[in-house]
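Okay, structure first, notes after.
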Amino acid sequence: KNEVEQSPQNLTAQEGEFITINCSYSVGISALHWLQQHPGGGIVSLFMLSSGKKKHGRLIATINIQEKHSSLHITASHPRDSAVYICAVRKGAQKLVFGQGTRLTINP
Amino acid sequence: DSGVTQTPKHLITATGQRVTLRCSPRSGDLSVYWYQQSLDQGLQFLIQYYNGEERAKGNILERFSAQQFPDLHSELNLSSLELGDSALYFCASSVEGAATQYFGPGTRLTVL
């Protein structure tokens, strides 16, 4: 079993829908990252969180340390949100362990 | 644009060869990380340097080595290349180990 599990693996939705991507982990962590990988391959760091909730524009990330679970929400989804979303947990000070990614497709 | 640069963008080489991938971190960032993304393994952490010193090691093969130079740029050396080494190699940088990491555009390595 992977230390970091994401669900769903693939998600297709219509423009405007509310999107939720989940991440569960089985190890102790110092922080959790959400990354976005564009179709061209580039990776952008969306959030880094160790507790609670963060919001940036239409994106919201939450984490529950006790339940070892995080969610990434996208409100009013748009075709430009189509990408692979990757959850990564930081073990100790440096090492990141990655989930397998969720491929999101938003249709107009 | 993250401010992290990687060269080359694409690299095609043959099995048994040796290649060097280069990364320049964002201005002011002291930490550099190397990651490998292959189709079957996903993203994996390889190694981290902080201000010239190795700080953490992940799933890096013995055939691979890295270093960070005094000007903070880093190089990842891959030798005795195998078909399975074909992957996207990303470099990322951060101010220090616990901060947000900024990813470079990646180097796509194809081993034929």
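The listed protein sequences derive, respectively, from chains R and A.
Mind the numbering: the first sequence is residues -15 to 92 in this note's numbering, read in order.
Mind the numbering: the second sequence is residues 8 to 119 in this note's numbering, read in order.
Even glycine gets a Cβ: it sits at the ideal position worked out from N, Cα and C.
In this text the structure is predicted, and so the values were computed from the model without any measurement.
{"Query": "Go ahead and pull the three-state DSSP assignment for Gly59(A).", "Result": "coil"}
{"Query": "Taking 6 Å as the line, does the beta carbon of Gln75(A) fall inside it for any heavy atom of the ligand FAD?", "Result": "Of the ligands one can find in the structure shown there are none, so the ligand FAD has no counterpart to examine."}
{"Query": "What is the DSSP secondary structure of Arg64(R), reduced to helix, strand or coil?", "Result": "helix"}
{"Query": "Given a threshold of 16 other Cβ atoms within 10 Å of its Cβ, counted over all protein chains shown, does Thr59(R) qualify as buried or as exposed?", "Result": "exposed"}
{"Query": "Report yes if the C-beta distance between His17(R) and Ala72(R) is below 7 Å; otherwise report no.", "Result": "yes"}
{"Query": "At the 7 Å Cβ level, is Gln50(R) part of the contact set with chain A, yes or no?", "Result": "no"}
{"Query": "Helix, strand or coil: which one does DSSP assign to Leu79(A)?", "Result": "coil"}
{"Query": "What do you get for Asp8(A), buried or exposed, if any count of 16 or more other CB atoms within 10 angstroms of its CB means buried?", "Result": "exposed"}
{"Query": "Taking only three categories from DSSP, how would you classify Gly49(A)?", "Result": "strand"}
{"Query": "Select from the stretch 81 to 113 of chain A all residues with a C-beta closer than 7 Å to any C-beta belonging to chain R, and list them in chain order.", "Result": "Leu95, Phe97, Gly104, Ala105, Thr107, Gln108, Tyr109, Phe110, Pro112, Gly113"}
{"Query": "Less than 7 Å between the beta carbons of Leu116(A) and Ser93(A), yes or no?", "Result": "yes"}
{"Query": "Could you list which residues in chain R have their beta carbon closer than 7 Å to that of Gly49(A), in chain order?", "Result": "Phe82, Gln84, Gly85"}
{"Query": "Rank Phe71(A), Gln55(A), Asp78(A) by C-alpha distance to the C-alpha of Asn84(A) and give the top, closest one.", "Result": "Phe71(A)"}
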